[in-house]
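Reviewing the structure listed below.
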Amino acid sequence: MKKCLENVRKNVPLVHNITNYVTVNDVANVLLACGGSPIMSDDIRDVEDITTICGGLNINIGTLNQNTIPAMLLAGKKANALKHVVLLDPVGAGASRLRTETALQLIREIQFDVIRGNISEIKTLASGSGNTKGVDADVADAVTEETLEQAIAFVKTFAKQTGSIIAVTGAIDLVADGNTCYVIRNGRPEMGKITGTGCQLSGMMTAYVTANPEDKLKAAAAAVVVMGLGGEIGYANMQPADGNSTYRNRIIDAIYNMDGETLEQGAKYEIR
Amino acid sequence: MKKCLENVRKNVPLVHNITNYVTVNDVANVLLACGGSPIMSDDIRDVEDITTICGGLNINIGTLNQNTIPAMLLAGKKANALKHVVLLDPVGAGASRLRTETALQLIREIQFDVIRGNISEIKTLASGSGNTKGVDADVADAVTEETLEQAIAFVKTFAKQTGSIIAVTGAIDLVADGNTCYVIRNGRPEMGKITGTGCQLSGMMTAYVTANPEDKLKAAAAAVVVMGLGGEIGYANMQPADGNSTYRNRIIDAIYNMDGETLEQGAKYEIR
Amino acid sequence: MKKCLENVRKNVPLVHNITNYVTVNDVANVLLACGGSPIMSDDIRDVEDITTICGGLNINIGTLNQNTIPAMLLAGKKANALKHVVLLDPVGAGASRLRTETALQLIREIQFDVIRGNISEIKTLASGSGNTKGVDADVADAVTEETLEQAIAFVKTFAKQTGSIIAVTGAIDLVADGNTCYVIRNGRPEMGKITGTGCQLSGMMTAYVTANPEDKLKAAAAAVVVMGLGGEIGYANMQPADGNSTYRNRIIDAIYNMDGETLEQGAKYEIR
Numbered sequence: 134m135k136k137c138l139e140n141v142r143k144n145v146p147l148v149h150n151i152t153n154y155v156t157v158n159d160v161a162n163v164l165l166a167c168g169g170s171p172i173m174s175d176d177i178r179d180v181e182d183i184t185t186i187c188g189g190l191n192i193n194i195g196t197l198n199q200n201t202i203p204a205m206l207l208a209g210k211k212a213n214a215l216k217h218v219v220l221l222d223p224v225g226a227g228a229s230r231l232r233t234e235t236a237l238q239l240i241r242e243i244q245f246d247v248i249r250g251n252i253s254e255i256k257t258l259a260s261g262s263g264n265t266k267g268v269d270a271d272v273a274d275a276v277t278e279e280t281l282e283q284a285i286a287f288v289k290t291f292a293k294q295t296g297s298i299i300a301v302t303g304a305i306d307l308v309a310d311g312n313t314c315y316v317i318r319n320g321r322p323e324m325g326k327i328t329g330t331g332c333q334l335s336g337m338m339t340a341y342v343t344a345n346p347e348d349k350l351k352a353a354a355a356a357v358v359v360m361g362l363g364g365e366i367g368y369a370n371m372q373p374a375d376g377n378s379t380y381r382n383r384i385i386d387a388i389y390n391m392d393g394e395t396l397e398q399g400a401k402y403e404i405r
Numbered sequence: 134m135k136k137c138l139e140n141v142r143k144n145v146p147l148v149h150n151i152t153n154y155v156t157v158n159d160v161a162n163v164l165l166a167c168g169g170s171p172i173m174s175d176d177i178r179d180v181e182d183i184t185t186i187c188g189g190l191n192i193n194i195g196t197l198n199q200n201t202i203p204a205m206l207l208a209g210k211k212a213n214a215l216k217h218v219v220l221l222d223p224v225g226a227g228a229s230r231l232r233t234e235t236a237l238q239l240i241r242e243i244q245f246d247v248i249r250g251n252i253s254e255i256k257t258l259a260s261g262s263g264n265t266k267g268v269d270a271d272v273a274d275a276v277t278e279e280t281l282e283q284a285i286a287f288v289k290t291f292a293k294q295t296g297s298i299i300a301v302t303g304a305i306d307l308v309a310d311g312n313t314c315y316v317i318r319n320g321r322p323e324m325g326k327i328t329g330t331g332c333q334l335s336g337m338m339t340a341y342v343t344a345n346p347e348d349k350l351k352a353a354a355a356a357v358v359v360m361g362l363g364g365e366i367g368y369a370n371m372q373p374a375d376g377n378s379t380y381r382n383r384i385i386d387a388i389y390n391m392d393g394e395t396l397e398q399g400a401k402y403e404i405r
Numbered sequence: 134m135k136k137c138l139e140n141v142r143k144n145v146p147l148v149h150n151i152t153n154y155v156t157v158n159d160v161a162n163v164l165l166a167c168g169g170s171p172i173m174s175d176d177i178r179d180v181e182d183i184t185t186i187c188g189g190l191n192i193n194i195g196t197l198n199q200n201t202i203p204a205m206l207l208a209g210k211k212a213n214a215l216k217h218v219v220l221l222d223p224v225g226a227g228a229s230r231l232r233t234e235t236a237l238q239l240i241r242e243i244q245f246d247v248i249r250g251n252i253s254e255i256k257t258l259a260s261g262s263g264n265t266k267g268v269d270a271d272v273a274d275a276v277t278e279e280t281l282e283q284a285i286a287f288v289k290t291f292a293k294q295t296g297s298i299i300a301v302t303g304a305i306d307l308v309a310d311g312n313t314c315y316v317i318r319n320g321r322p323e324m325g326k327i328t329g330t331g332c333q334l335s336g337m338m339t340a341y342v343t344a345n346p347e348d349k350l351k352a353a354a355a356a357v358v359v360m361g362l363g364g365e366i367g368y369a370n371m372q373p374a375d376g377n378s379t380y381r382n383r384i385i386d387a388i389y390n391m392d393g394e395t396l397e398q399g400a401k402y403e404i405r
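Chains as they are written, first to last, in the numbering used here: chain A, 134 to 405; chain B, 134 to 405; chain C, 134 to 405.
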């Protein structure tokens, strides 16, 4: 994974983000922290030009609206045509019809390299994609040691069906293609008390996959480890009066300062 | 007020925010800090579903536009129909016709549990609501010890007319229904040098009122105390080189770390 | 430059920002830090009223869209009619047709007091404005000691053509009208690892020029020095585990704490 990190710092992948306005600043700063470079653009007349000059595209439906949905479709198709990396973060799929339907439309019309969400969002996509044969719709609502086997089978099956790397993040993170699954145990529960660690991870993962075309699966898994390890290092740096707002800064700071050795030594994963 | 804080931490109220893009990230983080959970959504096709799964709705007109105004109306009416808590933050009412008219339309078409603003915004609403009988339009432009009596009478009258809890924040904060007014003296003047402490308070107040349905007035007042006390504790934690940007983080951190005992001991209020 | 800083703190210029949603919160906080006051508004029905009550208008095309472009034009013309200060930050001009064409339309239809960008953005405007006589389109892509003479001549010529102060920021910063060029060497390369230091500077520069109508050129240059010196002081305050996210806060903090003496002593510039 050391090599994946170093490739990001060396190649400085330019990432086009169509993302929500809640966490967009943190997404930009974490992209800079990890060694990438961010551009944000969401107007239908702007996105094709911007995606063309980038290496990767990160589509996040967190605060989607009637103007940004067509822009997401247009940008994604352009990125596909250019063979750029495209990632989907289906924020809130399952929470509203618009989000669920938009996420499903996006995976129908765009070929994503990676789809990254929590287990509930990914299950929504799997059961809603009209292609549930082989997908166990009864997979548990959290990935725990007890439900791990079942969850791994689920993400591999959904990866096979979509042709995308599937990343499910939670207490235990899974990153899989049809054959191989990284099971990752980095991170801290306190990260859930910060808005946008998932959005940040999606931005950073787009940079990692873009800078490591020869092994996209490992690169996606490396991004998950960097985020989780950043959370651990940031937590170790907390002072007595610190809370979630300072923790946010300390995580991005830890990612900024992370080198390949630290990553290699701190990574906690197995391959299944 | 201890109980109000503990109910937020226990119930984890989910708050739907239609809010400005300037301070939205801080609103999300302060909601997490106090024990609530934030969702942001502002598209007309999305807001009804999102508000349905939430307990409270926070409408902030800070950067309103032609797409979000209809979404605010739709979401507010849905929240009313579901008997969810709804709060209005009329940012900039009085500063432009669009903001004034939108705020007035919102209070005509939606029954708010709470309206929270500065004295100038609240006066604009009171004099513009076409229902100024009994409202002293000449109430002073700042709530000070000298103008306190008059201001208390004003907010109680406006609360009676609207059927809403009225929260006026400034050097002295007032939170009143038609009969009872909390006069709160927590806070620091330096909080005015941070963007969005008012927006943060509105988000947090929505969580407090949602988690304390049996005493909404006290819950709204408790949120004001938490914000002000957070400002005091955050200020006490300032280091020599710190300025307004770090102060912002320290306030949210203080709210994250606040417990019921600290709140009870630090609260400075009287009931009038 | 001491006087310029003190005028901002004394006059508290109110600045209307039509800016991107990526860095908008930092723009608001840096405006407060330097002594100004921010308002954000971007709806076509809102911007004329808001600009009317402000002293300056900051137009930043970072995440422009079909709704905000007409608002930019409307607000800019209103500010011109009122003889308010207007600044353009042509973020990404040259990166997409929409951005380039919008920036060019803005400088055709609005008389800007200041245009601030990086050398690539400013060159795009100079060569695209259909008025390139005398503008050396072959000016180098970075302002260095080697290319300084040529770059100074370029910005002076473009300033003369547009009637605007031209501010080109990079490793060496240039702020010029048709006759005089401030060459500024404050700042730190690490500032490039934070999103939005350019956007912050544009907001702050609008406040500086607004508060110093008697010497707009010096005021624009002073804002560049304040930003760069803030970057130097913030860097000196960095602790071992700090990274780009905390650095962002430390720069704004340094601007918050900066007084005229510190500015005068830390300023590194020459006039050419």
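Yeah, the Cβ is synthetic: ideal placement off N, Cα and C, and Gly gets one too.
query: With Met173(B) and Asn150(B) assumed to form a contact (beta carbons below 8 Å), what rounded beta-carbon distance in angstroms separates them?; result: 5 Å
query: Using a Cβ cut-off of 8 Å, which residues of the segment 168-194 of chain A contact any Cβ in chain C, in chain order?; result: Pro171, Ile172, Met173, Ser174, Asp175, Asp176, Ile177, Arg178, Asp179, Asp182, Ile183, Ile186
query: Along the segment 309-343 of chain C, what residues have a CB closer than 8 Å to any CB found in chain B?; result: none
query: Are the Cβ atoms of Asn158(A) and Tyr389(B) separated by less than 8 Å?; result: no
query: Does the pairing of the segment 211-221 of chain A with the segment 323-330 of chain A give three or more beta-carbon distances under 8 Å?; result: no
query: Using only the alpha-carbon positions, how far apart do Glu139(B) and Gln372(A) sit?; result: 24 Å
query: Mind reading off the beta-carbon distance from Ala340(B) to Cys137(B)? Whole number of angstroms is fine, and I expect it under 8 Å.; result: Not a contact, Cβ separation roughly 10 Å.
query: Buried or exposed: Asn312(B), going by 16 or more other Cβ atoms within 10 Å of its Cβ?; result: exposed
query: To which residues of the same chain is Gly361(C) closer than 6 Å at the C-beta, ignoring the five residues directly before and after it?; result: Asn319, Gly320
query: Checking contacts by CB at 8 Å: is Ala275(B) closer than that to chain A?; result: no
query: Run down chain A in chain order and give the residues with a C-beta less than 7 Å from the C-beta of Val155(C).; result: Val157, Asn158, Ala161, Met173
query: Ile243(B) CB to nearest chain A CB: under 8 Å?; result: no
query: What residue range does the alpha helix (DSSP H) around Ala300(B) cover?; result: Per DSSP, Ala300(B) belongs to no alpha helix (DSSP H); it is in the beta strand (DSSP E), 298-301.
query: If you measure from the beta carbon of Tyr389(C) to each beta carbon in chain B, is any gap under 8 Å?; result: yes
query: What residues in its chain sit with their C-beta under 7 Å from that of Glu397(A), if we drop five residues either side in the sequence?; result: Met134, Lys135
query: Any beta-carbon of chain D closer than 8 Å to the one on Asn200(B)?; result: As a matter of chain content, chain D is missing from the structure shown, whose protein chains are A, B and C.
query: Measure the beta-carbon distance from Leu258(C) to Leu237(C) and round it to whole angstroms, keeping in mind my assumption that it falls under 8 Å.; result: 7 Å
query: Measure the CB-CB distance between Ala273(A) and Gln283(A) and report whether it falls below 8 Å.; result: yes
query: What does Ala166(A) touch in chain C if you count any residue whose Cβ is under 9 Å from its own?; result: Lys326, Gly376, Asn377, Ser378
query: Let me see if you follow: with CB-CB separation under 8 Å, is Leu428(A) close to chain B or not?; result: Because chain A is modelled from 134 through 405, residue 428(A) falls outside the range shown and cannot be assessed.
query: With a cut-off of 8 Å, does the C-beta of Val268(A) fall near any C-beta of chain C?; result: The predicted model places Val268(A) with a pLDDT of 49, which falls under 50 and marks its position as unreliable; any figure quoted below should be read in that light. Taking Cβ atoms only, chain C never reaches closer than 8 Å to Val268(A), which makes this a no.
query: What does Ile385(A) reach in chain C if we use C-beta pairs closer than 7 Å?; result: Gly376, Asn377, Ser378
query: Against Asn370(B), what residues of chain A qualify as contacts under a CB-to-CB distance less than 8 Å, listed in chain order?; result: Ala374
query: Can you find a C-beta in chain B that's less than 8 Å from the C-beta of Asn382(A)?; result: yes
query: Where does the unbroken beta strand (DSSP E) through Asn140(A) begin, and where does it stop?; result: Taken as a continuous stretch (DSSP letters only), Asn140(A) belongs to no beta strand (DSSP E), being part of the alpha helix (DSSP H) at 135-144.
query: Applying the 10 Å Cβ sphere with the 16-neighbour rule, what's the burial state of Thr152(C)?; result: buried
query: Mind listing the chain C neighbours of Leu231(B)? Cutoff is C-beta to C-beta under 8 Å, in chain order.; result: Asp176, Arg178, Asp179, Asp182
query: Can you find a CB in chain A that lies within less than 8 Å of the CB of Gly363(C)?; result: no
query: Output needed for Glu181(A): all residues of its chain with C-beta closer than 8 Å, excluding positions within five of it in sequence on either side, in chain order.; result: Leu207, Ala208, Lys211
query: Just to confirm, are Thr277(A) and Ile248(A) a CB contact at a threshold of 8 Å?; result: no
query: Which residues in the same chain have their Cβ closer than 6 Å to the Cβ of Ala354(B), if we skip the five residues on either side of it in sequence?; result: Val308, Tyr315
query: Can you pull the chain A residues whose beta carbon is under 9 Å from the beta carbon of Leu197(C), in chain order?; result: Ser174, Asp176, Asp179
query: By alpha-carbon positions, which one of Ala356(A), Pro346(A), Glu365(A) ends up nearest to Leu164(A)?; result: Ala356(A)
query: Please tell me whether Ala212(A) has its Cβ less than 8 Å away from any Cβ of chain B.; result: no
query: Quick check: the Cα distance between Asp175(C) and Ala204(C), rounded to an integer number of angstroms?; result: 6 Å
query: Pick out the complete beta strand (DSSP E) segments inside the segment 313-360 of chain C, 3 residues or longer, and give them in chain order.; result: 314-317
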